[in-house]
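**Q** Sequential numbering of the sequence shown, starting at 1, is according to full-length UniProt numbering. Even for Gly, the Cβ is constructed at its ideal location relative to N, Cα and C.
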Amino acid sequence: MPRRSDERSAVRPNSRLSREGIVAAAIDLADRDGLAGFSMRRLAQHLGVDAMSIYYHVRDKDTLLAAMTDAVATEIAAGDQPAAAGPWTEQLRALIMRARGTMLRHPWAARVIEERDNPTPAVLLHIERVLAIMRGGGCSVDLGHHAIHLLGSRILGFSQDLFDDNGDGAPVPDEWAKAMPHVAELAAAASHTGALGPCDDDAEFAFALDLLLDGLERRRIGAVA
Numbered sequence: 001m002p003r004r005s006d007e008r009s010a011v012r013p014n015s016r017l018s019r020e021g022i023v024a025a026a027i028d029l030a031d032r033d034g035l036a037g038f039s040m041r042r043l044a045q046h047l048g049v050d051a052m053s054i055y056y057h058v059r060d061k062d063t064l065l066a067a068m069t070d071a072v073a074t075e076i077a078a079g080d081q082p083a084a085a086g087p088w089t090e091q092l093r094a095l096i097m098r099a100r101g102t103m104l105r106h107p108w109a110a111r112v113i114e115e116r117d118n119p120t121p122a123v124l125l126h127i128e129r130v131l132a133i134m135r136g137g138g139c140s141v142d143l144g145h146h147a148i149h150l151l152g153s154r155i156l157g158f159s160q161d162l163f164d165d166n167g168d169g170a171p172v173p174d175e176w177a178k179a180m181p182h183v184a185e186l187a188a189a190a191s192h193t194g195a196l197g198p199c200d201d202d203a204e205f206a207f208a209l210d211l212l213l214d215g216l217e218r219r220r221i222g223a224v225a
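1. Expressed to the nearest angstrom, what Euclidean distance is found between the alpha-carbon atoms of V119 and A51?
2. Going by C-alpha to C-alpha distance, which of W176, I127, V23, H57 sits closest to L65?
3. Quick one: what does DSSP say W176 is sitting in, helix, strand or coil?
4. How long is the line joining the alpha carbons of A36 and V224, rounded to whole angstroms?
5. Can you list, in chain order, the residues of its chain with a C-beta nearer than 6 Å to that of V130? Leave out the 5 residues immediately preceding and following it.
6. Does the separation of the CB atoms of G136 and W88 fall below 8 Å?
7. Is DSSP giving Q91 helix, strand or coil here?
8. Under 8 Å between the Cβ atoms of residue 232 and L92?
9. Have a look at L17 and A73 and give me their C-alpha separation to the nearest angstrom.
10. Determine the extent of the alpha helix (DSSP H) in which L35 is found, giving its start and end residues.
11. Is the Cβ-Cβ distance between P121 and D70 less than 8 Å?
12. Compute the distance between the beta-carbons of R41 and L29, then report whether it is under 8 Å.
13. Less than 8 Å between the CB atoms is what I'm expecting for G138 and R220, so what's the real figure, rounded?
14. With burial defined as no fewer than 16 other Cβ atoms inside 10 Å of the residue's Cβ, what is the status of L213: buried or exposed?
15. Indicate the three-state DSSP secondary structure (helix, strand or coil) for H145 in the structure shown.
16. I need the straight-line Cα distance from R8 to D33, nearest angstrom please.
17. So, for L216: in the same chain, excluding its five sequence neighbours on each side, which residues have a beta-carbon less than 6 Å away from its beta-carbon?
18. Quick check: the Cα distance between A177 and F207, rounded to an integer number of angstroms?
19. What's the gap between the Cα of A109 and the Cα of H182?
See the structure below:
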């Protein structure tokens, strides 16, 4: 009796599919439903094909997620203009804020990047751009190394806050406020009705980025003084 071939190899590839088309459709689905609603079966439904035919182009879901984040990281450089003539800090700020805009369009991508052990090729190319800007601005290899650790995920335009302080949270209970008056004061000020108003995530991201870049520039100047 002839041996049955693996079910995956028994299905012929769908001529309508391509790896690029699958990745683009997967990004569209993840943008719409988030990772919680993402699966190979739902992707197949989204494409209008049999789920098994997708596996001729991508080995498994992890491979597909890596390709999706690679495509998203590639978007960061899609609108690249000739290198700015300004200070390296302004050039790097512009690149990182462009990365943030990309991540805001694809909010699921940050989680995938954080959960990966190794960066994808496009993410590495983005880091290469970061280092090229720093080296072109007179930063040492050592300072570039420190910057990669210091900036962390901010290089790719996202960061993880300790808690959500967008002004929608419940007020600090009175019994807690007595023991933590400064936390209560800040929570009240950062509420919708408080003096500071609800936090602007973009503004807070830019504020932290500016502080970090200013600190790196002071280190660069100190090293050459």
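**A** The answer reads as follows:
1. Checking the displayed sequence, the identity of residue 119 turns out to be Pro instead of Val. If you take the alpha carbons of P119 and A51, they lie about 27 Å apart.
2. V23
3. helix
4. 50 Å
5. I155
6. yes
7. helix
8. The requested residue 232 does not occur in the structure, where the chain is confined to residues 1 to 225.
9. 23 Å
10. Taken as a continuous stretch (DSSP letters only), L35 belongs to no alpha helix (DSSP H), as it is neither H nor E.
11. yes
12. no
13. 6 Å
14. buried
15. helix
16. Confidence is the limiting factor: at R8 the pLDDT is only 41, short of 50, which leaves the residue's position unreliable, though a coordinate-based value still follows. Answer to the nearest angstrom: the Cα atoms are 27 Å apart.
17. A147
18. 28 Å
19. 35 Å
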